[in-house]
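A short worksheet on the structure shown next.
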Amino acid sequence: MDNAGYLNVFSRAIGKKIIECNHNIENVTLNILNNIDVLNKKNQEIDIEIDIEIDKKQNYKVISSLFLIYLSILFEKGRLNSQENLNDALKEIFGQVSSNKILNLCLCDTQNLSTTPKLKFDFSDLEIENFYIKDYNEFFNCIFNEKTLFKNGKISFSSYEKRKNYPFNKNHFINCQFSSSMEELLNNISDSSENKKKNKEKILFDFVRKFHDSGRFKPKKQSEIRAKQGQYVDAMLEAGIIIPHDKTKLNEPEYIINPEYDDDLLESLNNNAVNMNIRRMLKNIKL
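Take the sequence shown: its letter number 136 is residue 136 in UniProt numbering, and every next letter is one higher.
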C-alpha cells in the first residue's frame, strides 16, 4: 500500500483493475468507506502508549492509500476533472452528513506530480478534526479562509519549501501536534505577519501625515502627493482612505482624507494608537 501515491502509475493500475472487476463504483466506495471505518475504530481502541503508536501510524498510511486509490478510480472513470471534483471526493469519504466537518482525514507521503487536478483542496469553511497529515506536499497550496479550522490532529513535514506567502497561520490550528519543522514554520509565519502589520500601520500614518496641518486634515495637490507617496496612492484610493477633492479652489486637482475616516485617523495620530476602525481600515489596504 505504501506505493499508492496520487495518480501515479501504481495507483492508476489498481484503479483500472478495480473498475475491470467491478463496474459499480458505489459498491467500491462503500467498501473503501467500510475499511476506513474499521481502521479508525482500531485506532480508537489502540492504547496511546508509545510502543503501540507504530500500529496507528500504519493504519493512517493504509487509510491514506485507500483514499488515493479511490481518487484513481474516479480519475479512470472520468469523474476527477477539477478541483471541485476533488473536494467532492474528500467530503464523500471523510465528510459528515449535513455538516462542514471532515473527520479522520489521512494524507501521507504524497509527492508533487505534474498531474491534473493537483492534490490540493479548498478547505474554506471546513473544520477538519482528528486528522493525520505527513509529508503531504500540496498542503502548502491548499485554500484556507478565516473559518478553516484543523483540530485535534497531527501534522508533520520532513522539510518545507520556503516561499513568500503561505495560505495558513497558527489561528487555523487548535490542539494539534506538529513536527519541529512545522512548528518552526508557523512561528516564522506569525513573526512575519506581525512585521507586515506594523509596516502597514507605519505606511498608513506616514501617508496621512502629508495631509495633517494645524491639528486637522487639509486637501493636498494630487501632483504633490504622487511625488512624495506615489507608490501608495492607488492603494489608498482603492481602500477609500483618500478621495478626489470636488470643492477645490485651485486649478489643480486635489486629494483629501475621506471625511468618514477623519476622526479615527486624527485620534490615532494624536494618541499613537490603533483602534478597531483603523484595524478594519488596514485590512482594506492592499499593498
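Note that CB positions come from ideal geometry on N, CA and C, so glycine has one too.
Boundaries of the alpha helix (DSSP H) in which residue i is found, first to last residue
| i | result |
| --- | --- |
| residue 156 | Here residue 156 belongs to no alpha helix (DSSP H); instead the beta strand (DSSP E) covers 154–156. |
| residue 129 | Counting along the chain, residue 129 falls outside any alpha helix (DSSP H), though it belongs to the beta strand (DSSP E) covering 127–129. |
| residue 189 | 180–209 |
| residue 21 | 9–21 |
| residue 264 | 262–271 |
Residue i versus residue j - alpha carbon distance
| i | j | result |
| --- | --- | --- |
| residue 81 | residue 6 | 14 Å |
| residue 15 | residue 196 | 47 Å |
| residue 211 | residue 198 | 21 Å |
| residue 223 | residue 135 | 53 Å |
| residue 1 | residue 65 | Caution applies to residue 1, whose pLDDT of 48 falls short of 50 and renders its modelled position unreliable; the model cannot decide the point. |
| residue 149 | residue 123 | 8 Å |
| residue 180 | residue 229 | 42 Å |
| residue 114 | residue 157 | 21 Å |
| residue 44 | residue 105 | 14 Å |
| residue 151 | residue 85 | 24 Å |
| residue 246 | residue 238 | 17 Å |
| residue 9 | residue 225 | 60 Å |
| residue 236 | residue 178 | 39 Å |
| residue 91 | residue 27 | 17 Å |
| residue 162 | residue 193 | 15 Å |
Under 9 Å between C-beta atoms of residue i and residue j
| i | j | result |
| --- | --- | --- |
| residue 39 | residue 63 | yes |
| residue 121 | residue 143 | yes |
| residue 103 | residue 145 | no |
| residue 117 | residue 141 | no |
| residue 274 | residue 184 | no |
| residue 190 | residue 169 | yes |
| residue 217 | residue 155 | no |
| residue 70 | residue 32 | yes |
| residue 281 | residue 262 | no |
Burial state of residue i (16 or more Cβ within 10 Å)
| i | result |
| --- | --- |
| residue 50 | Unreliable positioning characterises residue 50 in this predicted model, as indicated by a pLDDT of 49, which lies under 50. The coordinate reading is nonetheless provided below. The residue in question, residue 50, is exposed, as its Cβ has fewer than 16 Cβ neighbours within 10 Å. |
| residue 254 | buried |
| residue 107 | buried |
| residue 89 | buried |
| residue 68 | buried |
| residue 36 | buried |
| residue 99 | exposed |
Where the beta strand (DSSP E) through residue i begins and ends
| i | result |
| --- | --- |
| residue 37 | It is not in any beta strand (DSSP E) - residue 37 instead sits in the alpha helix (DSSP H) that spans 25–45. |
| residue 254 | 254–257 |
| residue 278 | No beta strand (DSSP E) contains residue 278, which is instead part of the alpha helix (DSSP H) from 276–284. |
| residue 107 | 106–110 |
| residue 149 | 149–151 |
| residue 143 | Note, residue 143: premise wrong, no beta strand (DSSP E); not H, not E. |
Helix, strand or coil at residue i according to DSSP, with G and I counted as helix
| i | result |
| --- | --- |
| residue 96 | coil |
| residue 168 | coil |
| residue 226 | helix |
| residue 61 | helix |
| residue 91 | helix |
| residue 75 | helix |
| residue 56 | helix |
| residue 243 | strand |
| residue 103 | strand |
| residue 132 | strand |
| residue 67 | helix |
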